[in-house]
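Peer 1: In order, the protein sequence lines correspond to chains A and B.
All residue numbers in the first sequence are consecutive under the working numbering, ending with 698.
All residue numbers in the second sequence are consecutive under the working numbering, ending with 229.
All C-beta atoms in this analysis are idealised placements derived from N, C-alpha and C, irrespective of residue type, glycine included.
Got a structure here, written out as structure tokens. Questions coming.
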Amino acid sequence: KAGVTQTPRYLIKTRGQQVTLSCSPISGHRSVSWYQQTPGQGLQFLFEYFSETQRNKGNFPGRFSGRQFSNSRSEMNVSTLELGDSALYLCASSPGDGFQETQYFGPGTRLLVL
Amino acid sequence: QKEVEQDPGPLSVPEGAIVSLNCTYSNSAFQYFMWYRQYSRKGPELLMYTYSSGNKEDGRFTAQVDKSSKYISLFIRDSQPSDSATYLCAFHPDTGRRALTFGSGTRLQVQP
């Protein structure tokens with residue numbers, strides 16, 4: 585089975601722009617979570633989607649948003665980019681919404697904001 | 118106080134050594150305990166997942182949880198150069214909320 589895929593893998597943007605990142609979960613997985621990883625703050629939870637519904641949201645400003653489509657693919661959007669948004673954005677998928685289920689991570693999208 | 122404390126390392130050991138990686142946590146609601154391994158430029162990969170105090174073994178890896186002390190450990194026996202990576206502890210509470218709380222990660226280097 586193919587793993588979680590994320591596109592693009594690398595992205596360079598300038599302050600004030602917006603960006604959309606995409607995540608395709610493992611086939612059959614219906615839950616997708618997003619995390620931000622930075623050297624200073626480590627890995628931090630952004631949001632979780634199951635069956636096209638946002639189930640949980642982390643402590644990030646409203647500039648960060650996401651959605652999930654009927655095929656379980658997910659996108660996250662960051663508007664009005666700031667320098668501090670430079671990070672590795674990781675997507676994780678799991679089969680359902682059971683809270684003991686393992687989350688499988690993709691390779692991430694590395695975003696650089698100039 | 119941070120919810121999770123993890124020594125950032127780097128930790129450098131010779132091949133074949135026993136490695137001990139540790140995390141302490143302060144949130145009593147954490148009931149599920151994980152260790153992830155992350156290679157450079159890759160996403161985290163789950164190594165161990167446990168929910169009870171005690172030891173859990175999988176090959177060369179042993180996860181140890183002490184809920185009373187709020188302390189978890191990962192032991193790697195017969196360490197190999199391929200074990201060189203960043204190791205992250207992760208937690209989540211016993212509720213429907215599955216957001217993982219991660220430690221900052223310990224960078225491990227196993228010297229051949």
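1) Taking its Cβ as the centre, do 16 or more other Cβ atoms sit within 10 Å of Gln-601 of chain A, making it buried, or is it exposed?
2) List the residues of chain B that Phe-629 of chain A touches, going by C-beta distances under 7 Å, in chain order.
3) If we require 3 or more residues per run, which beta strand (DSSP E) segments fall completely within the region 589 to 668 of chain A?
4) Which residues bound the beta strand (DSSP E) around Leu-672 of chain A?
5) Classify Gln-181 of chain B as buried or exposed, calling it buried when 16 or more other Cβ atoms lie within 10 Å of its own Cβ.
6) For the candidate residues A:Gly-682, A:Gln-684, A:Leu-672, A:Thr-686, whose alpha-carbon lies nearest to that of Leu-595 of chain A?
7) Using the Cβ count rule (16 or more neighbours within 10 Å means buried), how would you classify Leu-627 of chain A?
8) Select from B:Lys-119, B:Lys-159, B:Tyr-153, B:Gln-148 the residue whose C-alpha is nearest the C-alpha of Arg-593 of chain A.
9) Suppose the cutoff is 7 Å on Cβ atoms and the five residues either side in sequence are ignored; what does the same chain contact list for Ser-157 of chain B look like?
10) Pairing CB atoms from the region 132 to 151 of chain B with CB atoms from the region 202 to 210 of chain B, are three or more of them under 8 Å?
11) So with Cβ pairs under 8 Å, would you call Ser-190 of chain B a contact of chain A?
12) How would you label Ser-199 of chain B, buried or exposed, when you count the other beta carbons within 10 angstroms and need 16 or more for buried?
13) Could one say the Cβ of Glu-659 of chain A lies closer than 8 Å to chain B's Cβ atoms, at least one of them?
14) Against chain B, with Cβ distances strictly below 8 Å, would Asn-640 of chain A count as a contact?
15) Look up Ser-185 of chain B in the DSSP assignment and say whether it is helix, strand or coil.
16) Since Asp-211 of chain B sits in a beta bridge, which residues does DSSP pair it with?
17) Could you tell me which chain A residues have their CB closer than 7 Å to the CB of Gly-160 of chain B, listed as they occur along the chain?
18) Could you compute how far the alpha carbon of Ile-189 of chain B sits from the alpha carbon of Asn-139 of chain B?
19) Once DSSP output is grouped into helix, strand and coil, what is the label at Ser-199 of chain B?
20) Could you tell me whether the Cβ atoms of Gln-590 of chain A and Ser-606 of chain A are closer together than 8 Å?
21) Just to confirm, are Ser-677 of chain A and Pro-609 of chain A a CB contact at a threshold of 8 Å?
22) Report the neighbours of Ser-201 of chain B on chain A: residues whose CB is nearer than 8 Å to its CB, in chain order.
23) Could you work out which residue in B:Val-227, B:Arg-224, B:Gln-228, B:Thr-218 is closest to Tyr-142 of chain B when comparing CA atoms only?
24) So that I know if they touch, is there some Cβ in chain A lying closer than 8 Å to that of Tyr-142 of chain B?
Peer 2: The answer reads as follows:
1) With a 10 Å radius around the Cβ and a threshold of 16 neighbouring Cβ atoms, Gln-601 of chain A comes out exposed.
2) Ordered by position in chain B, the residues that pass the 7 Å Cβ test against Phe-629 of chain A are Ala-216, Leu-217.
3) If only uninterrupted beta strand (DSSP E) runs of at least 3 residues are considered, those enclosed by the region 589 to 668 of chain A are 589 to 591, 594 to 597, 603 to 608, 615 to 622, 626 to 634, 637 to 641, 648 to 652, 658 to 662.
4) Residues 671 to 678.
5) By the 10 Å Cβ count, Gln-181 of chain B comes out buried.
6) Each of A:Gly-682, A:Gln-684, A:Leu-672, A:Thr-686 was checked against the Cα of Leu-595 of chain A, and the nearest Cα belongs to A:Leu-672.
7) Counting Cβ neighbours within 10 Å, Leu-627 of chain A comes out buried, since at least 16 surround it.
8) The shortest Cα separation from Arg-593 of chain A among B:Lys-119, B:Lys-159, B:Tyr-153, B:Gln-148 belongs to B:Lys-159.
9) For Ser-157 of chain B, same chain residues with a beta-carbon under 7 Å away, outside a window of 5 residues either side, do not exist.
10) Contact holds: three or more Cβ-Cβ distances are below 8 Å.
11) Cβ-Cβ to chain A under 8 Å: no for Ser-190 of chain B.
12) Result: exposed.
13) For Glu-659 of chain A, the answer is no, since every Cβ of chain B falls outside 8 Å of its Cβ.
14) Closer than 8 Å: yes.
15) In the structure shown, the three-state DSSP call for Ser-185 of chain B is coil.
16) According to DSSP, which records beta bridges pairwise, Asp-211 of chain B is partnered with nothing at all.
17) For Gly-160 of chain B, the chain A residues whose C-beta falls within less than 7 Å of its own C-beta are Leu-674, Phe-689, Gly-690, Pro-691, Gly-692, listed in chain order.
18) Roughly 6 Å separates the two Cα atoms.
19) In the three-state scheme derived from DSSP, where H, G and I count as helix and E and B as strand, Ser-199 of chain B is classed as helix.
20) Less than 8 Å separates the beta-carbon of Gln-590 of chain A from that of Ser-606 of chain A.
21) Contact flag set, yes.
22) Near Ser-201 of chain B there are no residues of chain A at all, since even the closest Cβ is about 18 Å away, more than 8 Å.
23) The candidate whose alpha carbon is nearest that of Tyr-142 of chain B is B:Thr-218.
24) Judged by the 8 Å Cβ criterion, Tyr-142 of chain B is not in contact with chain A.
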